[in-house]
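Notes follow once the structure below has been shown.
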Ligand SMILES: [Zn+2]
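Numbering (the numbering used here), first residue to last: 1 to 372.
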């Protein structure tokens, strides 16, 4: 099942070597940006350590142990993640009905569609109660596993007191127990925690890998897969979301802005601005800008390298737009730099109408001046 993880050859090889030489560290820290396969690799690693198959390709995914893991029902699999402030008893019970429902919804999302981000209402962290539950469970004897697996997701989301409590566990880990921490923010973790773990780095996914995952596993059409993997910047989760949900909408928004600017439709742009006032939030605006950047890039490539175009389906519109442009070569570069700057401003929560206006007039510079 490790073969399902793509683009992380080095990390997988390191773990496979550990398994085949039976040199398993007591604690691992998987780090790297979001959406590159850290959780799935940690999960499969735990499965592989307990897989009952004699095949060299472990985890097999079909033996009794693998089955229990895949259902999240293995008695020796402990899984912690940031939650809202639930009352979790030391034995791991959540009494409150609606909290329990949320908690289970998180687990079922993880089981069935781990590429989707699950949002709890309200703020989350790994709470002291969760660490106390972990310590309670680690004090019990192992049920049936070769290695008890404890997976802690977003391990950076512990406050100081919780991290210190957890450090005690890490300093004296019980026998035959493997603790795997997963984080996107290595620098936030206590150095005393980091130094007790074997670090495994996960690189951003190469674009080509994301493209083929989208096409092969998510039935995305090749042009969308290409755009989504360009925009997602190494994050598979983002690329899947873009391809499945918002891509066409944001792409259309981008195309509309480009056309309005190219054909000098300022009045229409103003009307558009009124309508989209509530519609466009910061995150989506960034995606719209990313789409625009690809369109602008395509405009620059059109006359010399048309084989490299991304938006192949819009080639006739782009060709027409290009005839209205003044200085595509240098102009495009300048526009792309301004876009980068705008994206930074969005992160600082600048009013989205202002950003849209700035986008419009930045694009205008590429095209012929208003007709008299
Ligand atoms: Zn198995």
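All residues carry an ideal CB built from backbone N, CA and C; glycine is no exception.
Notebook entry, point to check: Going by DSSP, what residues sit across from residue 8 in a beta bridge?
Noted result: Within the chain shown, residue 8 is the residue found at index 8, counting from 1. Answer is none; residue 8 lacks a bridge partner.
Item checked: In chain order, each beta strand (DSSP E) run of at least 3 residues that lies wholly inside the region 53 to 113 -> 77 to 80
Check: Leaving out five residues before and five after residue 308 in sequence, what residues of the same chain have Cβ atoms less than 8 angstroms from its Cβ?
Finding: Counted from its first residue, the chain shown places residue 308 at position 308. Excluding sequence neighbours, residue 308 sits near 301.
Next item on the list: Quick one: grab the DSSP three-state call for residue 268.
Entry: For the purposes of this step, residue 268 is identified with residue 268 of the chain shown, where counting begins at 1. Residue 268 falls in the helix class under three-state DSSP.
Notebook entry, point to check: At a cut-off of 7 angstroms, is residue 46 close to ligand 1 when judged by its beta-carbon and the heavy atoms of the ligand?
Noted result: Here residue 46 is taken as the residue at index 46 of the chain shown, counted from 1. Not under cutoff, so the answer is no.
Note to self: By the three-class DSSP mapping on this structure, what secondary structure does residue 232 have?
What the structure shows: For the purposes of this step, residue 232 is identified with residue 232 of the chain shown, where counting begins at 1. Looking at residue 232 - three-state DSSP - the assignment turns out to be helix.
Check: Over what stretch of residues does the alpha helix (DSSP H) that includes residue 136 continue unbroken?
Finding: Indexing the chain shown from 1 puts residue 136 at position 136. Per DSSP, residue 136 belongs to the alpha helix (DSSP H) from 128 to 139.
Note to self: What does the alpha-carbon distance come out to for the pair residue 253 and residue 71?
What the structure shows: Sequence index remark: in the chain shown, residue 253 carries index 253 (1-based). Sequence index remark: in the chain shown, residue 71 carries index 71 (1-based). Cα to Cα, the separation comes out at about 41 angstroms.
Notebook entry, point to check: residue 59: beta carbon under 7 angstroms from a heavy atom of ligand 1?
Noted result: Here residue 59 corresponds to residue number 59 of the chain shown, with the count starting at 1. Yes, the Cβ of residue 59 comes within 7 angstroms of a heavy atom of ligand 1.
Check: Would you say residue 52 touches ligand 1, meaning its beta carbon is less than 7 angstroms from a heavy atom?
Finding: For the purposes of this step, residue 52 is taken as residue 52 along the chain shown, with counting starting at 1. Yes, since a heavy atom of ligand 1 falls inside the 7 angstroms radius drawn around the Cβ of residue 52.
Margin query: Given this structure, state the Cα-to-Cα distance separating residue 47 from residue 130, to the nearest angstrom.
Written below: On the chain shown, residue 47 is found 47 positions in, with the first residue counted as 1. On the chain shown, residue 130 is found 130 positions in, with the first residue counted as 1. C-alpha separation (whole angstroms): 22 angstroms.
Item checked: 8 angstroms Cβ cutoff met for residue 30 and residue 202 -> Your numbering for residue 30 matches position 30 in the chain shown. Your numbering for residue 202 matches position 202 in the chain shown. Going by C-beta atoms, residue 30 is nearer than 8 angstroms to residue 202.
Checklist line | Minimum C-alpha distance to residue 85 - residue among 172, 103, 161, 137 | finding: Indexing the chain shown from 1 puts residue 85 at position 85. With distances taken between Cα atoms, residue 85 lies closest to 103.
Check: Could you check where the alpha helix (DSSP H) with residue 332 kicks off and where it finishes?
Finding: Position 332 of the chain shown, counted from the first residue, corresponds to residue 332. Note, residue 332: alpha helix (DSSP H), 328 to 347.
Notebook entry, point to check: Is it the case that the CB of residue 62 approaches a heavy atom of ligand 1 more closely than 7 angstroms?
Noted result: For the purposes of this step, residue 62 is identified with residue 62 of the chain shown, where counting begins at 1. Yes, the Cβ of residue 62 comes within 7 angstroms of a heavy atom of ligand 1.
Notebook entry, point to check: Comparing the CB of residue 20 with every heavy atom of ligand 1, is any distance shorter than 7 angstroms?
Noted result: Mapped onto the chain shown, residue 20 falls at position 20. No, Cβ of residue 20 sits at least 7 angstroms from all heavy atoms of ligand 1.
Check: Ends of the beta strand (DSSP E) at residue 180?
Finding: As a first step, residue 180 is located in the chain shown; it is residue number 180 there, counting from the start. Start and end: 177 to 183.
Next item on the list: Can you grab the Cα-Cα spacing for the pair residue 118 / residue 83, in whole Å?
Entry: Here residue 118 is taken as the residue at index 118 of the chain shown, counted from 1. Here residue 83 is taken as the residue at index 83 of the chain shown, counted from 1. For residue 118 and residue 83, the distance between alpha carbons rounds to 11 angstroms.
Note to self: Using 8 angstroms for Cβ pairs, my map puts residue 294 next to residue 310. What's the rounded Cβ distance?
What the structure shows: Stepping through the chain shown from its first residue, residue 294 is reached at position 294. Stepping through the chain shown from its first residue, residue 310 is reached at position 310. The pair is a contact, with the Cβ atoms about 5 angstroms apart (cut-off 8 angstroms).
Notebook entry, point to check: Which residue or residues does DSSP assign as beta-bridge partners of residue 217?
Noted result: As a working mapping, residue 217 is identified with position 217 in the chain shown. Per DSSP, none; premise fails for residue 217.
Note to self: Is there a C-beta anywhere in chain B that falls below 8 angstroms from the one on residue 344?
What the structure shows: Of the protein chains in this structure there is only one, and it is not chain B.
Next item on the list: Check residue 19 in the structure and name its three-state DSSP category.
Entry: Locating residue 19 in the chain shown gives position 19, where the first residue counts as 1. Helix.
Checklist line | For residue 125: DSSP bridge partner residues | finding: Mapped onto the chain shown, residue 125 falls at position 125. DSSP lists 83 as partners of residue 125.
Notebook entry, point to check: Can you name the residues that DSSP bridges to residue 200?
Noted result: As a first step, residue 200 must be located in the chain shown, where it is residue number 200. The partner list for residue 200 (beta bridge, DSSP) reads 30.
Next item on the list: Can you grab the Cα-Cα spacing for the pair residue 68 / residue 171, in whole Å?
Entry: Taking the first residue of the chain shown as position 1, residue 68 is located at position 68. Taking the first residue of the chain shown as position 1, residue 171 is located at position 171. Each residue's alpha carbon lies about 29 angstroms from the other.
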